[in-house]
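Protein sequences appear in the order of chains A and B. Anchor point for the first sequence: position 60 equals 222 in this note's numbering, and the numbering is continuous, going up by one each time. Anchor point for the second sequence: position 219 equals 221 in this note's numbering, and the numbering is continuous, going up by one each time. The beta-carbon is built from N, C-alpha and C at its ideal position, and this holds for glycine as well. All values derive from a computational prediction rather than experimental measurement. These notes concern the structure reproduced below.
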Amino acid sequence: MRMPWLLRGYAAVFYAFLYMPIGVMVVLSFNDSQIMGFPLKGFTLRWYGEALAEGALLRALWNSFVVGFVASLVATALALMIALGLRHRVPFRGAVLPVILIPIITPGIVSGVLLYVSFGVLGLPYGLSTAVIAAHVTWVLPFAFLTLYPQLHRFDRSIEEAAMDLGATPWVVFRRVILPLIRPAIIATLLFSFTLSFDEFIRTLFVVGSQRTTPVYLWLLIAEQMAPFLPAVGVMIMLVSIAVAGVGFWVSGRAAKLAARVEG
Amino acid sequence: MKRREFLKNGVAAGALAALSGGLAYGQADPTLEILVVNALVSGPLKGILEKEAKVKINDAPFQSSTDVVSRLAAPGGTGRYNLMMSHSIFSRGPVLGERAGQERCTALDLKKIPNVSQVADTFKPDFLERGGKMYGIPIMWGYDSVLFNTKEVPADKDPGMQSWGLIFDDKYAGRIGWQDASPHMLLAAGLFLGHKQPELMNAEELNEVGKFMIAKKKNVRTIWTSFAQCSNLLATGEVVTTFGPIPVRYGLQQKGEPITNAWCKEGVLSFVQPAYIPKDSSNQDAAHAMINAMLGQAYASQMSPVCGYLSTSKLGAQDMPSAERAKWGYGILDGSTKHAPLRMPQDLNRWLEVWTRIKAS
Chain A
163 MRMPWLLRGY AAVFYAFLYM PIGVMVVLSF NDSQIMGFPL KGFTLRWYGE ALAEGALLRA
223 LWNSFVVGFV ASLVATALAL MIALGLRHRV PFRGAVLPVI LIPIITPGIV SGVLLYVSFG
283 VLGLPYGLST AVIAAHVTWV LPFAFLTLYP QLHRFDRSIE EAAMDLGATP WVVFRRVILP
343 LIRPAIIATL LFSFTLSFDE FIRTLFVVGS QRTTPVYLWL LIAEQMAPFL PAVGVMIMLV
403 SIAVAGVGFW VSGRAAKLAA RVEG
Chain B
3 MKRREFLKNG VAAGALAALS GGLAYGQADP TLEILVVNAL VSGPLKGILE KEAKVKINDA
63 PFQSSTDVVS RLAAPGGTGR YNLMMSHSIF SRGPVLGERA GQERCTALDL KKIPNVSQVA
123 DTFKPDFLER GGKMYGIPIM WGYDSVLFNT KEVPADKDPG MQSWGLIFDD KYAGRIGWQD
183 ASPHMLLAAG LFLGHKQPEL MNAEELNEVG KFMIAKKKNV RTIWTSFAQC SNLLATGEVV
243 TTFGPIPVRY GLQQKGEPIT NAWCKEGVLS FVQPAYIPKD SSNQDAAHAM INAMLGQAYA
303 SQMSPVCGYL STSKLGAQDM PSAERAKWGY GILDGSTKHA PLRMPQDLNR WLEVWTRIKA
363 S
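Set out below in structure tokens:
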């Protein structure tokens, strides 16, 4: 069936509205001009070179990678344990989900202030390895849980029971039965969590101390000056996010196929 | 090596690298954590301070003066940083507290800061003092004025045009920028409308200023929120004149753009930032040394050429040619350039309400 022209037009406008800013950023990243804007003055790769030569940016990227790596590992592990626990009858089971979702419904700036004050009251140091990782785990955990829980919820428990009937301990069942089946979901959760952590800004700004993550570094650039390599930095960060999301989609697809095979 | 082993080893190597490399790749262990305008420790300025004061400097991301004092006043805030700086108009209350004994900062040992004698007399009101003790010393100052494109606005050739009126002028309708800053914009409009001390305007006068700005808002292209946005608007020619801070003018001039600032006949809005040491700072000697270095010849003379802000130290401009002194704004010190010190209005809530009304109009 052919799409009516009105719908086609709507779709074209919709996608243009959605993706044109990204397209403009990509174009400007190659523009040989000191200012971020039109008219275009020629093609250059200079801004990519300058961005990559910026030591502070590379440090910020590294910091974001490490924080994202640790936060996603911790959040995924916690989410997995909570999801496994919720398959059993536990006290206050009904209250767990709303509590886990609190960081999602709390505005970022409020979370930032709460973290700032809490760390102050407790006398804990700010910095990447302390407050920032805690802030990121708090932020990422609900998303990790919401990604993992449906996978475990629809898991056919008769497979576990069969393994236990054959003498497997709970740990062996987890390691040899559950884990291999949900591994793609875990990897997808890790990647999703990593992306969320990598992009997190407002909570980080409150507790980062004197270090920089990539979003904080970019924000400082925008707040202080008009650095002509900003579009190039934007494109590089976008590529990182696209790469991570691409791997996530691939792994999710694999998980869906595997689940279908097990159910079949 | 099998694929699975390769992946396993790769992940292990990555984790090991992350741990051994530390979270802050390539950074030396900090000895002095500071929260100041980041431009003040940018480029060679940081090296000068580190060498003179024999410290390692780690500068936290600076958001605003209000953020600095909020962080100082928050639980645990007196031990987070070794040195902080914020506008003197915001700082006095949070730094000194309500009564003697409630100070959040340490009383400075002036024997460790001999360069305090170099602070220009103009900045005497901006020292943070109580009971004969000194808690904060003015280090940096600057001003907000009108920025304009010299190719479009001939105010550089006609000093008579140099007025806050440029950002309200119908002649530049559709090409004017305002900053989204409540007291600043209203103070500028107040100065233009003839109030010598606009921060003292009563409710009726403030309303009149608000009405004037609402009437002129039709001329405004945009109300910008970040320095980068302001820079871009000026550089692309989208606006030809705007309320503007020093770093924007400085950054654009460095790029060769035809942008300069007006020495408004009503007075540019000047501000001062003192430095203070939170009372639970872990490295007070080093912080004293840094304050002293900031007032010293090497740092003070480089402050304007490197970041555009001005030093409160007389050593900052003493060897500067007069044209350069005038360019940076040191004329304010000898009275050749008029300024209106930025003061906070008493009834800030009313000012915020008026500014919100203007924005919503």
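- Going by C-alpha positions, serine 324 of chain B is about 41 angstroms away from leucine 207 of chain A.
- A contact between stretches requires three or more CB pairs, one per stretch, nearer than 8 angstroms, and the region 81-90 of chain B meets this requirement with the region 280-296 of chain B.
- Interface residue (Cβ-Cβ distance to chain B less than 9 angstroms): arginine 345 of chain A is not classified as such.
- As DSSP reads the structure, methionine 136 of chain B sits in a beta bridge with B:Glu131.
- For arginine 374 of chain A, the neighbours in chain B by C-beta distance under 8 angstroms run, in chain order, Pro63.
- Within the model, the alpha-carbon separation for alanine 174 of chain A versus proline 265 of chain A is close to 36 angstroms.
- Taking a Cβ-Cβ cut-off of 8 angstroms, arginine 251 of chain B has no neighbours in chain A, whose nearest Cβ is about 12 angstroms from it.
- When the beta-carbon positions are compared, leucine 297 of chain B and asparagine 40 of chain B stay at least 9 angstroms from each other.
- By the Cβ rule, the region 390-404 of chain A counts as touching the region 193-212 of chain A, because three or more pairs are nearer than 8 angstroms.
- Contact between the region 201-211 of chain B and the region 114-133 of chain B is absent: fewer than 3 CB-CB pairs across the two stretches fall below 8 angstroms.
- Under DSSP, serine 272 of chain B shares a beta bridge with B:Tyr145 and B:Pro343.
- For the pair valine 279 of chain A and leucine 353 of chain A, the CB atoms are not nearer than the 9 angstroms cut-off.
- The region 295-312 of chain A makes contact with the region 355-374 of chain A: 3 or more CB pairs, one atom from each, lie closer than 8 angstroms.
- Annotation for threonine 351 of chain A: the continuous alpha helix (DSSP H) segment containing it runs 341-361.
- At a cut-off of 9 angstroms between beta-carbon atoms, threonine 244 of chain B makes no contact with chain A.
- In the three-state reduction of the DSSP assignment, valine 222 of chain B falls in the strand class.
- Rounded to the nearest angstrom, the Cβ distance from isoleucine 59 of chain B to valine 70 of chain B is 16 angstroms, too far for a contact under 8 angstroms.
- Assigned with DSSP and collapsed to three states, serine 403 of chain A falls in helix.
- Fully enclosed alpha helix (DSSP H) runs of no fewer than 4 residues occupy 295-315 and 319-327 of the region 294-331 of chain A, in order along the chain.
- Counting the other CB atoms within 10 Å of its CB gives phenylalanine 200 of chain A a total below 16, which places it among the exposed residues.
- Residue range 333-336 is occupied by the alpha helix (DSSP H) that includes aspartate 336 of chain B, with no beta strand (DSSP E) assigned at that position.
- Against chain A, the beta carbon of asparagine 60 of chain B has neighbours under 9 angstroms at Gly371, Ser372 and Gln373, listed in chain order.
- Ranked by Cα distance from alanine 293 of chain A, the options A:Ile399, A:Gln373, A:Ser414 and A:Val189 are led by A:Gln373.
- In the structure shown, glycine 246 of chain B adopts extended strand secondary structure according to DSSP, grouped into three states.
- Contact between isoleucine 399 of chain A and asparagine 234 of chain B is absent: CB atoms are separated by about 19 angstroms, not below the 8 angstroms threshold.
- Proximity of isoleucine 225 of chain B to chain A, defined by a Cβ-Cβ separation below 9 angstroms, is not satisfied.
- Annotation: the continuous alpha helix (DSSP H) that includes tryptophan 353 of chain B extends over 350-362.
- Beta-bridge analysis with DSSP links glutamine 387 of chain A to no other residue.
- Put simply, the backbone Cα of arginine 327 of chain B is about 37 angstroms away from that of lysine 220 of chain B.
- In the assembly as shown, threonine 227 of chain B is an exposed residue. Its beta-carbon has fewer than 16 other beta-carbons within 10 Å.
- Judged by DSSP in its simplified three-state form, isoleucine 244 of chain A adopts helix.
- Bounds of the beta strand (DSSP E) holding isoleucine 261 of chain B are 261-264.
- The alpha-carbon separation between valine 232 of chain A and alanine 296 of chain A amounts to approximately 10 angstroms.
- Interface with chain B (9 angstroms Cβ-Cβ cutoff): glutamine 313 of chain A is excluded.
- Listed in chain order, the non-local C-beta contacts of leucine 263 of chain A below 6 angstroms within the same chain comprise Pro304, local neighbours out to five positions each way being set aside.
- Sequence-ordered contacts of the region 72-89 of chain B with chain A read Ala76, Pro77, Gly78, Gly79 and Arg82 [C-beta pairs closer than 7 angstroms].
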